[in-house]
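Notes follow the structure.
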Amino acid sequence: MSNGNGQSGLVKWIDERLPVFTFMQHELNDYPTPKNLSYWWNFGSLAGFVLVVMIVTGIMLAMNYTPHVDYAFDSVERIMRDVNYGWLLRYIHMNGGSMFFIVVYIHIFRGLYYGSYKSPRELLWMLGVIILILMMATAFMGYVLPWGQMSFWGATVITNLFSAIPLIGEDVVTWLWGGFAVENPTLNRFYSLHYLFPFLIVGVVVLHMVALHTTKSNNPLGIDAKGPQDTIPFHPYYTMKDYFGIGVFLIFFAGFVFFAPNFFGEPDNYIEADPLVTPPHIVPEWYFLPYYAILRAFTEDYFLYVPISWLMSAKLAGVIAMFGSIFVLFALPWLDTSPVRSARFRPIYKQFFWLFLINCFILGVVGAKAPDDQVFTWFEGFQYVHLGQITTAYYFFHFLILFPLLGKLERPKPIPKSISEPVLPGGGTVAAGAAAKPMEKA
Amino acid sequence: MMRRAGFLTTLAALGLFASQTAQAAGDAHPIPSQEWSHSGLFGTFDQAQLQRGFTVYQNVCAGCHSLRLVAYRNLAAIGLTEDEIKAVAAEQEVDGEPDEDGEPTTRPAIPADRFVPPFPNEQAARAANGGSMPPDLSLMTKARIGGPDYLYALLVGYQDEAPEGVEMGEGMSYNIYYPGNQIAMAAPLAEGAVDYADGTEASVEQMAKDVTAFLSWAAEPELEDRKRMGVKVLLFLIVLTGLFYAVKKKVWADVH
Amino acid sequence: MADAAAAGGGAGHDEDVTRRDFLYIATGAFGVVGTAIALWPFVDSMNPSADTLALSTIEVDISGVEEGQSITVKWRGKPVFIRRRTQDEISEAESVALTELPDPQADEDRVQKAEWLIMVGVCTHLGCIPLGQKASDKKGDFGGWFCPCHGSHYDTSGRIRKGPAPENLPVPQYTFLDDTTVRIG
Chain A
66 MSNGNGQSGL
76 VKWIDERLPV
86 FTFMQHELND
96 YPTPKNLSYW
106 WNFGSLAGFV
116 LVVMIVTGIM
126 LAMNYTPHVD
136 YAFDSVERIM
146 RDVNYGWLLR
156 YIHMNGGSMF
166 FIVVYIHIFR
176 GLYYGSYKSP
186 RELLWMLGVI
196 ILILMMATAF
206 MGYVLPWGQM
216 SFWGATVITN
226 LFSAIPLIGE
236 DVVTWLWGGF
246 AVENPTLNRF
256 YSLHYLFPFL
266 IVGVVVLHMV
276 ALHTTKSNNP
286 LGIDAKGPQD
296 TIPFHPYYTM
306 KDYFGIGVFL
316 IFFAGFVFFA
326 PNFFGEPDNY
336 IEADPLVTPP
346 HIVPEWYFLP
356 YYAILRAFTE
366 DYFLYVPISW
376 LMSAKLAGVI
386 AMFGSIFVLF
396 ALPWLDTSPV
406 RSARFRPIYK
416 QFFWLFLINC
426 FILGVVGAKA
436 PDDQVFTWFE
446 GFQYVHLGQI
456 TTAYYFFHFL
466 ILFPLLGKLE
476 RPKPIPKSIS
486 EPVLPGGGTV
496 AAGAAAKPME
506 KA
Chain B
19 MMRRAGFLTT
29 LAALGLFASQ
39 TAQAAGDAHP
49 IPSQEWSHSG
59 LFGTFDQAQL
69 QRGFTVYQNV
79 CAGCHSLRLV
89 AYRNLAAIGL
99 TEDEIKAVAA
109 EQEVDGEPDE
119 DGEPTTRPAI
129 PADRFVPPFP
139 NEQAARAANG
149 GSMPPDLSLM
159 TKARIGGPDY
169 LYALLVGYQD
179 EAPEGVEMGE
189 GMSYNIYYPG
199 NQIAMAAPLA
209 EGAVDYADGT
219 EASVEQMAKD
229 VTAFLSWAAE
239 PELEDRKRMG
249 VKVLLFLIVL
259 TGLFYAVKKK
269 VWADVH
Chain C
6 MADAAAAGGG
16 AGHDEDVTRR
26 DFLYIATGAF
36 GVVGTAIALW
46 PFVDSMNPSA
56 DTLALSTIEV
66 DISGVEEGQS
76 ITVKWRGKPV
86 FIRRRTQDEI
96 SEAESVALTE
106 LPDPQADEDR
116 VQKAEWLIMV
126 GVCTHLGCIP
136 LGQKASDKKG
146 DFGGWFCPCH
156 GSHYDTSGRI
166 RKGPAPENLP
176 VPQYTFLDDT
186 TVRIG
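Residue numbers (my numbering), protein chains in the order written: chain A, 66 to 507; chain B, 19 to 274; chain C, 6 to 190.
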């Protein structure tokens, strides 16, 4: 509550020795923010909010959870049945995982659309990719903890991926397990790491924020703020906008927690893990489905694998492609050669952006299907494995070929001079008011 | 085979992809949906029905199927009195403390104990059931696609004769809703298999409905609390979000 | 959120300002109250859970306890001493003058039936378990219980007589359901 110069004696005393209040005033209140941010810019702070919710509910759950193969399943059910509001904490945490990915995926796609990864924000973007990777590891290990059938078999399948590593693969997998199968040591270490990783995420989020406040926020026009007339202080403008965003988000979140808590879940995970019985069809959680589709797209007999078949096994190719599909994001700031950030002024990229989004969505569907299921009832012989190969190919084409080429070939539209005076050289003008509310305009 | 019941059926329903219905290789019938008092935004359990369902569980299911996550004390939630609960619990024996000579002892179960399983271990359960393991029922409605609808369908889906040309395995029964159609459990419900205390006629459909409702409660005992709280939380959040929106608009009014 | 009122800025006539302040205060109040209520489930989840509470009362069958014998049962994680006292022990406990006691309490106030002494067997000094349940145990100078940790002596009514303990052994809430069953808690 430091309000300019109206500081109390204690606040002043502390601040002269440890300038936390000056820092907060500077970074949370005064922080000059472009005045034309749309609601798509809400998802960063929203992700931070979900992270806090996940950590707090997680700590409460950990107080009642037992990381032992004989008790894990029952301890989760004890939380659901006997612990005061345990069902609430558990359902918030369980659905919170899905919410976290929804929010973060929107945040990432916003960055892709408006070129938020471009110079000078390369490190900001790369830190974000690290957060994504840590989130995925955390989510994967967290899903193992209830020790249901999907927990167990998900853990088995994913850890077995590492057996594709040449020469040392088997040893690596044994090391990951701490035994010769997913067993009690595996559950114990996953619990330990699942508790640790969120705090690593917090650390990287802090770096992400430092980088953000150094390079300043991007905006829907993708141009730099030229002076004070282009920015407004973060508080109260964006704090209030963020509060409103959190309110809308909480309504969405609460809808699932209270009325469809198992919507994102698998019925099989309400059956206790049985190392002798595999469920008929193993699917990961929805947020992993696209990667799962990429993993499965590499098979001995199909085109994607043929060009590299002399080099490695199909299994290894799938694993590399799956990890590559995320790691390629690190290279994106350099793969994209366009001088223009925002897709608003990139007519061709804009269309490919939507194509890419749809492609990711289809990959997700493919990941959920059995590979040899028919895609269309009216088109005999076209199976999901085929669709997965096409969409996987496009995924990498988009990053590795399209981005570098498009930057060179595309003729961007004229770019406004500044955020507050968007007079277009081409003749048209964009009203500043309208630019500030692009969502309503769209 | 369609597994992801919630998320992907929704996608399919949006008409985005060819929908393959929830059935294995075209041999199990689609599951008809039923009316349940506990579904919907304001759904609550019907206590009389839960008590009837408990009668069915006790007299029909409990011989083979455990309910190990539910405690006898939980029966207070379906309207049993303390003495009734004590009596139900006391019918079962559980392991007690070893006596002075170190010999194992047993004692009658108390309300704080969880439902005592019918078999001491999986091997015993299999031995008594022709090699098949009767699954625990505590989470059954959450652990199957289709939930209570599936459970009800399964209980009424038995047919005396397998269709022409279907080779039945040893000791198997034909059920039109079971994946693969051959189920190791013989038709559990027969007309009048239980006597309902409230005089309701014990038809197969009635018993199937009641016991499914009871098992829905066993799987989600928090359901009523959850929905009641959810309505309040949503109302609060809608007002709060409305206020936030108003504040946001006021604050932004001077930005041009 | 109160900052919003100060930083909201913008000119307007007084009525506008009042209405705006009211909106800010109402929103702030809603937000704060909502957050406070939302914290309760987190706090309450650390309170004893339903299964713990279910074991907070126990029923004990005392039909097998002979005169002069004691049994120990576990209740809420602590030992409860149940002793079927002999006539001698009862009269000894009843005959003590209250003025002699560090923590004066009549024997009849500590038992429901003179024959049955039921108390929590945790020394009121620093929480050790006193000896005296078994016939072979050292029972202290007053024939009741003796805490080996720091030498507190309890009499046949479980009252402190000598040593550092400040209070008598506490009597839990209990009821006799019938002649042979007692419910503790």
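By construction, the Cβ of each residue, glycine as well, lies at the ideal position given by its N, Cα and C atoms.
- Message: Here's a check: name, in chain order, each residue in its chain whose Cβ is nearer than 8 Å to the Cβ of alanine 202 of chain A, leaving out the five neighbours to either side.
- Response: Hits under 8 Å: Leu258, Phe262.
- Query: Is threonine 39 of chain B helix, strand or coil by DSSP?
  - Reply: The predicted model places threonine 39 of chain B with a pLDDT of 38, which falls under 50 and marks its position as unreliable, so this point remains unresolved.
- Message: Going by DSSP in three states, lysine 245 of chain B sits in which element: helix, strand or coil?
- Response: Helix at lysine 245 of chain B.
- Query: Considering only residues of the segment 392-465 of chain A, which uninterrupted alpha helix (DSSP H) runs meet the minimum length of 4 residues and lie entirely inside it, listed in chain order?
  - Reply: 412-433, 449-462
- Minimum Cβ-Cβ distance from tyrosine 263 of chain B to chain A less than 8 Å: yes
- Do we get a CB-CB distance below 8 Å when we pair valine 257 of chain B with the residues of chain C? yes
- Span of the alpha helix (DSSP H), counted from its first residue to its last, around serine 100 of chain C: 92-100
- Comparing the C-beta of arginine 283 of chain B with each C-beta of chain C, is any distance below 8 Å? In the structure as shown, chain B starts at 19 and stops at 274, and residue 283 of chain B therefore has no counterpart that could be examined.
- Message: Quick check on the DSSP output: the alpha helix (DSSP H) that includes proline 301 of chain A runs from which residue to which?
- Response: 299-324
- Residues sharing a beta bridge with proline 84 of chain C, DSSP: C:Lys79
- Item | Proximity winner among C:Trp45, C:Ile42, C:Arg81, C:Gly39, relative to threonine 57 of chain C (alpha-carbon distances) | C:Arg81
- Quick one: list the residues of chain D neighbouring phenylalanine 309 of chain A, beta-carbon separation under 7 Å, in chain order. Checking the listed chains, one finds no chain D in this structure; the protein chains it contains are A, B and C.
- State yes or no: is the C-beta of leucine 272 of chain A within less than 8 Å of the C-beta of leucine 192 of chain A? For leucine 272 of chain A and leucine 192 of chain A, yes; Cβs fall inside 8 Å.
- Message: glycine 432 of chain A and tyrosine 335 of chain A - do their beta-carbons sit closer together than 8 Å?
- Response: no
- Message: At 4 residues or longer, what runs of the alpha helix (DSSP H) sit wholly inside the segment 127-187 of chain B?
- Response: 140-146, 158-161, 165-174
- Message: Using a Cβ-Cβ cutoff of 8 Å, what residues of the segment 113-130 of chain B are near chain C? List them in chain order.
- Response: Ile128, Pro129, Ala130
- Task: Would you tell me roughly how many angstroms separate the C-alpha atoms of phenylalanine 447 of chain A and phenylalanine 461 of chain A, rounded to the nearest one?
- Result: 22 Å
- Confirm, please, whether the CB-CB distance from isoleucine 103 of chain B to proline 129 of chain B is below 8 Å. yes
- Message: Taking DSSP's pairing of strands, which residues face tryptophan 150 of chain C in a bridge?
- Response: C:Tyr159
- Query: Taking the runs of the beta strand (DSSP E) that are 3 residues or longer, which of them lie wholly in the segment 79-108 of chain A?
  - Reply: Within the segment 79-108 of chain A, the complete beta strand (DSSP E) segments at least 3 residues long are 97-99, listed from N- to C-terminus.
- Item | Reduced DSSP secondary structure (H/G/I, E/B, other) of serine 191 of chain B | strand
- Message: Pop quiz: proline 344 of chain A and glutamine 214 of chain A are said to be a contact at Cβ under 8 Å. What is the actual Cβ separation, rounded to whole angstroms?
- Response: 5 Å
- Query: phenylalanine 254 of chain B versus chain C: which residues are under 7 Å apart at the beta carbon?
  - Reply: Gly39
- Comparing the C-beta of valine 393 of chain A with each C-beta of chain B, is any distance below 8 Å? no
- Between which two residues does the alpha helix (DSSP H) carrying phenylalanine 264 of chain A extend? 249-280
- Query: Which residue comes first and which comes last in the alpha helix (DSSP H) that contains tyrosine 170 of chain A?
  - Reply: 151-179
- Residues bridged to isoleucine 165 of chain C [DSSP beta-bridge criterion]: C:Tyr159
- Task: Let me know the secondary structure DSSP gives tryptophan 121 of chain C once reduced to three states.
- Result: strand
- Message: Looking at the strands, I want to know which residues DSSP matches up with glutamate 337 of chain A.
- Response: A:Gly213
- In angstroms with no decimal places, state the Cα-to-Cα distance between lysine 100 of chain A and leucine 93 of chain A. 15 Å
- Cα-Cα separation between glycine 137 of chain C and tyrosine 136 of chain A, rounded to whole angstroms: 38 Å
- Item | Residue closest to threonine 91 of chain C, alpha-carbon to alpha-carbon, out of C:Glu71, C:Ile63, C:Val22, C:Gln117 | For the residues C:Glu71, C:Ile63, C:Val22, C:Gln117, the minimum Cα distance to threonine 91 of chain C belongs to C:Glu71.
- Give a yes or no on whether the minimum CB-CB distance between threonine 77 of chain C and chain B is below 8 Å. no
- Message: Please identify the residue among B:Val251, B:Tyr195, B:Gln200 whose C-alpha is closest to the C-alpha of glycine 189 of chain B.
- Response: B:Gln200
- Message: Pairs of beta-carbons, one from the segment 103-121 of chain A and one from the segment 319-332 of chain A, closer than 8 Å: are there three or more?
- Response: Short answer: they don't touch.
- Message: Less than 8 Å between CB atoms is the rule here; does serine 61 of chain C satisfy it with respect to chain A?
- Response: Not closer than 8 Å to any Cβ of chain A, the Cβ of serine 61 of chain C fails to qualify, so no.
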